[in-house]
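The next block holds one structure in the form of structure tokens; read it before the comments.
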Amino acid sequence: MASPAKKRKLNKDNKQSAIPSRGLEYFFAKQNKNGYTSNANTDQETAGATEGDHEMTDEALAMKLQAEWDAEVAAERRNDQALQQTESAKSHADAVATDNTCGIQDTGQIEVPKKSASPVSLPAEPKGKSTLSLQSVAASVDTVSESIPMDQSPLTFDPSAFVSQLKEHWASEDGSASYALLTRCFVLVSSTSSRIKIVDTLVNCLRIIIEADPESLLPAVWLATNSISPPYISLELGLGGSAISKALKQVCGLDNRSLKAIYDKYGDAGDVAFEAKKKQSFTLRKPKPLTIKGVYQALVKIASSQGQGSAETKQRIVDRLLHDARGGEESRFIVRTLCQHLRIGAVKTTMLIALSRAFLLSRPPGADFELKSTEELSKLKKEELAEVWGRAEEIVKACFARRPNYSDLIPVMLEIGVCDELLLRCGLTLHIPLRPMLGSITRDLSEMLTKLQGRDFACEFKYDGQRAQVHCDEKGKVSIFSRHLEVMTDKYPDLVDLVPKIRGEGVSSFIMEGEVVAVDRQTGELKTFQTLTNRARKDVAIGSITIDVCLFAFDLMYLNGQPLLDRSFRERRDMLKSLFTEIPHHFTWVKNLDATSQDSDAVLDFFKQATDIKCEGIMVKILDNLHDLPAPAHVDSNQDTTSENTPTAKSKGKANSTASEKKTRRKPLLATYEPDKRLDSWLKVKKDYSASFDTLDLVPIAGWHGQGRKAKWWSPILLACRNEETGQLEAVCKCISGFTDAFYKANKAHYDDGSGEPDADDRNEQDDEQVDEEANRDAEDVEKRYKNIRRTKPSFVEYNGHPDVWFEPQEVWEMAFADITLSPTYTAAIGLVSQDRGLSMRFPRFLKKRDDKGIDEASTSEFLAGLWRKQEAKAPPPPIKEDDEDEDDG
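Start counting at 1 in the sequence shown, then tack on 1, and there's your number in the numbering used here.
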């Protein structure tokens, strides 16, 4: 069979042919003629256009068609009859399909108008037929959602003013809330660093969904929190960069070289999708609007696809999501969601706050729980309003800490709102992990003793192992969870077999907490955490275990169907020791010592015993509940630096000028178990913490090319701490100390920018065939070479410098330093100790990677500010320098 090009040549050479080759160009050329054009002229022009246009790119051809179509529409507007005919023709545009050959969408049947002596116009199509109709992608954007001012204060925002319009707009999608509404929220949230604005925007978005489409609320919350399930339910998308790259190329008409060029420029997959979608300025079919429920269900289907053919299934779903995404912003956040890097600053705490406020102000149709009046709330003083919000927030946070699953929490909130009953309906449950209680860090033993002055406390060995939460029901079923709520049951089959045997008489079900430590089974000698990490993580068979472990229990939170969280630590510990049976070198209790602040010698000796047997240090816990203790006059009145109400000590900046007005009474040191809280009720004293040797857990975020011997490595490296309120990473310091050559090599391999590959300029000098081959290889290898590198600064990083490369934040490094200083360059803790200066570290030194910690457990800016205040309280006043004379003013 002759090729199309050969056919065109034959037709051109054959002067006797009565029917020349006619394509889309002929159809549009005919309509653009305003009069009596002869067949010969038209055919000749068409043949010439065909020869020139068959080499045009799809985009250029479509743009040419669009221009011709626009010219015809302009002509028709001068004629009322023609205008009506055009509108009639456009009504059938949604019936077209996708032409996979050239990337342009049509339905197949194109009506060519007959010759006429009048100006050519497109006749109205009979019902059931389709007409080719190019539409602007920009015109398909959801303008209704984009016009909603979600960033207003919730006290002035009225969702009911938009509900009816939105429902009418969503009617074509069975009334389901569109993904465009959530995208509008994401755009507003990601465009501000104000935590107040972020919370307000989320509250208003949630209120609209609650009132207009409550069934979409749960999917919306999952999508906004960048997840589809809680950590203890294994539901991972399992998508690689290749699936998203293929979808972008297919949907947006990009080739490998174009996609790579965009990625090199922006470095973020979502930004790449945004730019690629902008280039797709035309379509022949209006995309089917995405809905919040539809996107979430698509993600669940991707995660659930397994076995043969699952890769193709996932690829089809990704293609469909990107194809139906309307506009650049929807594409950006769809891709970021698929990559699990949404980056809008809506951390877990922020979402829980937004949910609590949304349900105080709105309820779904049919619900009858009580709401707060926005008019009455508007009249309250700032402190009174904060108290109203605070009560609701505490209830929601407590529920989520006990049952950390939005799928359990939100259906109940839709039914009863925010009230005390919520705590009963979403309480502690077997085989659903609660979020663990955390301890505050102290610099040394003397500081710990000062904090707990006048209180009875227990000291416990802090073993160098893995924290574990063990659940066991009446039938002997055992579940084991990590501190991150991940399931570890398959990792420890020996413990699963052991746990039912440790139950004493009368014990049916329980939840206990302990430390899993690698041990020598014969001698009981403790081994290091590194030894424990060598144990396989899943599908471990008891017969193949080579690293034995012992469970050292230290707390009991649930017993025989009853939660024990409100009991004092002394009571919980007594039950743990009296109701369970010790099995040497398999199960036992942590070694402990009861003491008071007067027993400093005994505590010091106990601390030495702990470090001598390879423990990290000791944990110190309040035994009994006492309230409203006055703070010692010579001690910072509130050492809990993670609290939102932490008072600050006096300092030179304006931020601390009102510190003396803060309350001088410290928070009660409760002996109860407080899930998901870090309190002074539990204190960590580690052997590495001392008055002269502090450490911080920081996140590497960027690097520079080294000089001299280090030219082929990254050195120095920029590190950051975590802002717990906003989710931002704030730069603290550059580090060049503590690294070995072996570390540099491994680090360069981990954060590799592919600098060993030839650049684009060098490749351009090679022959075309080799260039294309390399471009294809580069595109396929892009995820591998760039997975830990960003070309542009991430939006969630606070730093004004210009490193050579940005890292994908994913590690935590333990860093030592000499002292903490105010800095005009670094942004860590800015506003906490000074309005215009952040904090940095002098002589930072790398100690080790913290493989046991995720970036959400990195040191916070509040903690850094607390260390600075303690340092300033102990240090003599520094001499005034010339550049410090105006510090009191700024």
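For every residue, glycine included, the Cβ atom is placed at its ideal position computed from N, Cα and C. Keep in mind it's a predicted model, so treat the numbers as computed, not measured.
Using CA atoms only, rank isn't needed, just tell me which of 380, 457, 218 is closest to residue 363. 218
Below-8 Å beta-carbon distance, residue 734 vs any chain B residue: Absent from the structure is chain B; it holds one protein chain and no more.
What are the uninterrupted segments assigned as alpha helix (DSSP H) that are 4 or more residues long and contained completely in the segment 376-408, given in chain order? 383-403
For residue 309, which of helix, strand or coil comes out of DSSP? coil
State buried or exposed for residue 949, treating a residue as buried only when at least 16 other CB atoms are found within 10 Å of its CB. Coverage of the chain is limited to positions 2 through 891, which leaves residue 949 absent and any answer about it impossible.
3 or more residues per run - each beta strand (DSSP E) lying fully within the segment 428-462: 439-442
Taking C-beta to C-beta, are residue 598 and residue 453 nearer than 8 Å? yes
So what does DSSP say about residue 562, is it helix, strand or coil? coil
As an exercise, report each continuous alpha helix (DSSP H) stretch of at least 4 residues that is fully enclosed by the segment 195-247, in chain order. 196-213, 218-225
Mind checking residue 393: buried by the 16 CB within 10 Å criterion, or exposed? buried
So what's residue 90 in DSSP terms, helix, strand or just coil? Note that residue 90 scores 43 on pLDDT, short of 50, meaning its location in the model is unreliable; the coordinates nonetheless yield the value given after this. If DSSP states are grouped into helix, strand and coil, residue 90 belongs with the helices.
Between which two residues does the alpha helix (DSSP H) holding residue 366 run? Neither: residue 366 is in no alpha helix (DSSP H) and is coded neither H nor E.
Going by DSSP, what residue range makes up the alpha helix (DSSP H) through residue 576? 570-580
Cβ pair residue 793, residue 267 closer than 8 Å: yes
Quick one: is residue 748 buried, meaning 16 or more other Cβ sit within 10 Å of its Cβ, or exposed? buried
Can you check whether the CB of residue 270 is closer than 8 Å to the CB of residue 337? yes
For residue 810, which residues in the same chain have their Cβ closer than 7 Å to its Cβ, ignoring the five residues on either side in sequence? 700, 702, 730, 856
Cβ atoms of residue 495 and residue 543: under 8 Å apart, would you say? yes
Just to confirm before moving on: does the CB-CB distance between residue 345 and residue 158 stay below 8 Å? no
Between the Cα of residue 892 and those of 320, 442, 201, spot the shortest distance and give me the residue it belongs to. Not covered by the structure: residue 892. The range shown for the chain is 2 to 891.
Can you list, in chain order, the residues of its chain whose CB lies under 6 Å from that of residue 417, leaving out five sequence neighbours each side? 370
How far does the beta strand (DSSP E) with residue 708 in it extend, from its first residue to its last? Careful: residue 708 lies outside any beta strand (DSSP E) and carries neither H nor E.
Would you check if the segment 218-234 and the segment 308-317 touch, i.e. whether three or more CB-CB distances between them fall below 8 Å? no
Alpha-carbon spacing of residue 399 relative to residue 409, whole angstroms: 13 Å
Boundaries (first-last residue) of the alpha helix (DSSP H) holding residue 789: No alpha helix (DSSP H) holds residue 789; DSSP gives it neither H nor E.
8 Å Cβ shell around residue 488 - same chain, five flanking residues per side excluded: 233, 235, 480, 481, 482
In the DSSP output, what is residue 698 paired with across the bridge? 815
Can you list, in chain order, the residues of its chain with a C-beta nearer than 6 Å to that of residue 181? Leave out the 5 residues immediately preceding and following it. 143, 146
Check residue 120 in the structure and name its three-state DSSP category. Note on residue 120: pLDDT 37, under 50, position unreliable in the model; the coordinate value appears next. Note: residue 120 maps to coil in three-state DSSP.
Kindly list the residues whose CB is nearer than 6 Å to the CB of residue 866, restricted to its own chain and excluding five residues on each side of it in sequence; keep chain order. 830, 833, 834
Simplified DSSP assignment, three categories, for residue 149: coil
Does DSSP classify residue 593 as helix, strand or coil? strand
Taking the alpha-carbon positions, what's the residue 470 to residue 512 distance? 7 Å
Specify, as a first and last residue, the run of the alpha helix (DSSP H) that residue 731 falls within. First-last for residue 731: 730-736, but that is the beta strand (DSSP E), not the alpha helix (DSSP H).
Can you tell me whether residue 170 is buried or exposed? The criterion is at least 16 other CB atoms within 10 Å of its CB, across all chains shown. buried
Residue 87 classed as buried or exposed, judged by whether at least 16 other C-beta atoms fall within 10 angstroms: Because residue 87 sits at a pLDDT of 44, beneath the cut-off of 50, its placement in the model cannot be relied upon, and the point is left open.
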